[in-house]
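Notes follow the structure.
Chains as they are written, first to last, in our numbering: chain A, 1 to 217; chain B, 1001 to 1217; chain C, 2001 to 2235; chain D, 3001 to 3235.
And the structure:
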């Protein structure tokens, strides 16, 4: 089983030099900690910043400088500020290379649900619908099952969806899954996890890659 | 008969404190010389400037600072630069209070033609189509007849039109005409010009205002 | 004709009950604090507020919610606000949730005089209900898009860092967010600034909102600039 | 992965015959002089050029026209160029004339990932032929608009005042014009700058084109910055 940090580390293997990346709130944020040394990766924050840096040192918080999770942050050299329309413009026009976000449910056709639980939660979609409708490469990172022990990898989303057939890859504590025409394809499995465990925890169509390997970090 | 400067001066009477105004190339440009003292009127140049000033002193021309006629200009205090989409955005959204431009023909329903002579001239419409489609108040200033002595105030444009039913007022060397449901309405007549002269030089529907007055500058 | 007002109270005096307002800011960052305080003071009610968020219980638009001044919120994300949730579930408050990029762009398009545009956000979701869906080919690929309309707002209330009497505005860091978009979009745009500088003090190259968009401007007072999530690195 | 190139020649080396190019500038103001010179040098032909103007006979895009490198011009205004007119009337050159605001906005929309939008410019004119006309209500008034599509361009060639290795750009005065819009719109955007400054030297608040849009950047040489209409006040 992967820890949250290992899940982030797994996703960090997708990073390439020169990439522009948007990281969602939660586990996705941790990916920033695993950018390989010497690699230039620019983090976009959809509230209007390219070139997000780490959290500020205590006493150096700036109320005018926050990320999309409303956390105080810093900038790196070469950063730029812009308005929210420009920000989503660069997302829509495919300038952001990789989007990593969490989800409540992912369907085996790539549908994602992460914004609403009817009658329970009405927080809103924020930028998630724009991101999933536009990003070239969307990776979801989430726990494989919810708090009630139910699979979050489903044949179809039960919650209102955020976007249709958009997720390319899912990383959970059990491993790495591509979304294919045949549903979830288990490509790498976490150390100490059996294929049966994955099968039992997955309600959506699942196939096992003939080249299944154990995940090495 | 009005001189070009007097035509500009006639239009300048439309200016009000706080107005944003776009002046076309030619006679419209002269309107800037007649902004009443103490009145704040901001000139917009559609290539990306609010707050256009006079031409520079010799030796102070700046290749990066031109107006929509490609002439070297200056700025006034409080000016701002912006891109061409923003520029036409403020035109489209009605932030520009008054547009003054020249024309080859105006029809008695307010149609205007000023961009093309089929088979002869292919310069293009520049920003004129955007301006006439969007400006709240459009005044045309032009000679009453063309070089061949033919009326430019017509029952219908013979040239390809720039915009439909958009002109509110026409100023020529003969006087000031409103566009009404009954066509051109002569409201003020230039000194030394007879109503018959105007009637003979106007092919479009023309009526004479019951309160017709002589134009005073 | 001066655009400069002495205070939020004088600048907002004609905001009527039932008005549609745009309010700049993302979370509590870059919100028009003085304008909100004036609205609370005025007690104007039945407001429709277009704003990315709804503030927190005791700050930002939360102050208007607490006084029941808001009839409808149009936002992308309205977490962090218990009173909001209570009013919504009890039916006192109407809410329309919109993808954040669509919200921003609907403001911008109002400023650009473009009544409608197409965006992929929300295709195939609840957001698409009742909207025209249409395919366009981009780079050889056909894709579905929703038609969305420009917003209309009676007043846009924005917050900038610096401004001048000509109405020119400059924002700071991520406090820019929705402010320049809404500034373009209001029938009447009211800007509060941390510092009102002399005309000519702002570099014409560096102005974010040209003065033509701003009808009224005043220097705000006593900015709290509350931080919603104070996060720091380990020293 | 550096975005910095030594020269226009190295930055433009893969521009093929038949490419669709956007070229920034208004008249001769803010045009990518070094890029145009490189295209002339390369002799690449069959180009479709999206640019507000077509230069003059011996400068700007006029240099490409003189070498018969341009198959089609998409512009709003193409006066001031006798060779252009000759090629057009003889049928050697195809030209599409577009209202200036529509031209600018079609570039911008490409950068915003918005495939189509509605504008009033050209309703009821030749420009409307073959296009969808549709009414929208704005501020209670119904008005007709044309649907226009975002441009697609293989390369955008833009000119800025200052830039850095991250691709951030700052323009000067009215040399901004179409440059930031086209910079957003190119599949590959190549920026030439008068001065390439160290990363971090540009204030993040004052950047006109964020680096994400710029794929290649180089410091241009020997700018002529020709003035088309030198006009002065009487001393």
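The beta-carbon is built from N, C-alpha and C at its ideal position, and this holds for glycine as well.
In the same chain as residue 1105(B), and ignoring 5 residues on each side of it, the C-beta atoms closer than 6 Å to its own belong to 1113, 1152, 1154, 1157 and 1159, in chain order.
Contact of residue 3178(D) with chain B by beta-carbon distance below 8 Å involves 1083 and 1084. Membership of residue 3107(D) in the alpha helix (DSSP H) is indicated by the continuous run 3100-3112. Secondary structure at residue 113(A): strand, using DSSP grouped into helix, strand and coil. Counting along the chain, residue 1052(B) sits inside no alpha helix (DSSP H); it lies in the beta strand (DSSP E) bounded by residues 1049-1052. The shortest C-alpha to C-alpha distance from residue 3108(D) to any of 3173(D), 3167(D), 3050(D) and 3142(D) is the one to 3050(D). In this structure, residue 2225(C) lies away from residue 2197(C), with their beta-carbon atoms at least 8 Å apart. Neighbours of residue 49(A) across chain C, judged by C-beta separation under 7 Å: 2174. Distance between residue 175(A) and residue 211(A), taken at the CA atoms: about 14 Å. At least one CB of chain B lies nearer than 8 Å to the CB of residue 3127(D). Residues of the same chain with a CB within less than 7 Å of the CB of residue 3094(D), apart from the 5 flanking positions on each side, are 3071 and 3072 in chain order. Listed along chain A, the residues sitting closer than 8 Å to residue 3199(D) by beta-carbon distance are 77 and 78. The beta carbon of residue 3065(D) sits no closer than 8 Å to any beta carbon of chain B.
Positions of the alpha helix (DSSP H) runs, each at least 4 residues long and wholly inside the segment 66-141 of chain A, are given as 84-92 and 128-134 in order along the chain. The C-beta separation of residue 2057(C) from residue 2033(C) comes to about 16 Å, leaving the pair out of contact by the 8 Å criterion. Straight-line spacing of the CA atoms in residue 3131(D) and residue 3103(D) works out to 15 Å.
The way I'd put it, the segment 1076-1083 of chain B doesn't touch the segment 1120-1135 of chain B; fewer than three beta-carbon pairs between them come closer than 8 Å. Neighbours of residue 3014(D) across chain A, judged by C-beta separation under 7 Å, do not exist; the nearest C-beta is about 17 Å away. The beta carbon of residue 155(A) sits no closer than 8 Å to any beta carbon of chain C. Shown in chain order are the members of the segment 2135-2156 of chain C whose Cβ falls below 7 Å from a Cβ of chain D: 2136, 2138, 2139, 2145 and 2152.
Between the alpha carbons of residue 2098(C) and residue 109(A) lies a distance of about 24 Å. Beta-carbon to beta-carbon, residue 2150(C) and residue 2114(C) are separated by about 6 Å, close enough to satisfy the 8 Å threshold.
If you draw a straight line from the Cα of residue 3(A) to the Cα of residue 173(A), it is about 7 Å long. In the three-state DSSP reduction, residue 3213(D) falls in the helix class (H, G or I).
Residue 1141(B) is positioned such that its CB atom lies closer than 8 Å to that of residue 1028(B).
At a cut-off of 8 Å, the C-beta of residue 164(A) has a neighbouring C-beta in chain C. Between residue 1062(B) and residue 1054(B), the CB-CB gap reaches or exceeds 8 Å. In this structure residue 3055(D) is buried. Its beta-carbon is surrounded by 16 or more other beta-carbon atoms within 10 angstroms. Using a Cβ-Cβ distance cut-off of 8 Å, the segment 2020-2035 of chain C and the segment 2141-2157 of chain C are in contact, since at least three pairs of beta carbons, one from each stretch, lie closer than that value. Rounded to the nearest angstrom, the gap between the Cα atoms of residue 1026(B) and residue 1094(B) is 23 Å. Contact note: residue 3114(D) reaches chain A through 89, 92 and 93, using a C-beta cutoff of 9 Å and chain order. Within the DSSP secondary-structure output, residue 1169(B) pairs in a beta bridge with 1139(B) and 1178(B). For residue 2061(C), there is no enclosing beta strand (DSSP E), as DSSP marks it with neither H nor E. Here residue 1020(B) carries a strand assignment [DSSP, helix/strand/coil]. Sequence-distant partners of residue 3038(D) (beyond 5 residues in either direction) whose C-beta falls short of 8 Å from its own C-beta, in its chain, are 3007, 3008, 3009, 3011 and 3012.
For the segment 1119-1136 of chain B, the residues whose beta carbon sits under 7 Å from a beta carbon of chain D are, in order, 1122, 1123, 1124, 1125, 1126, 1127, 1129, 1130, 1133 and 1134.
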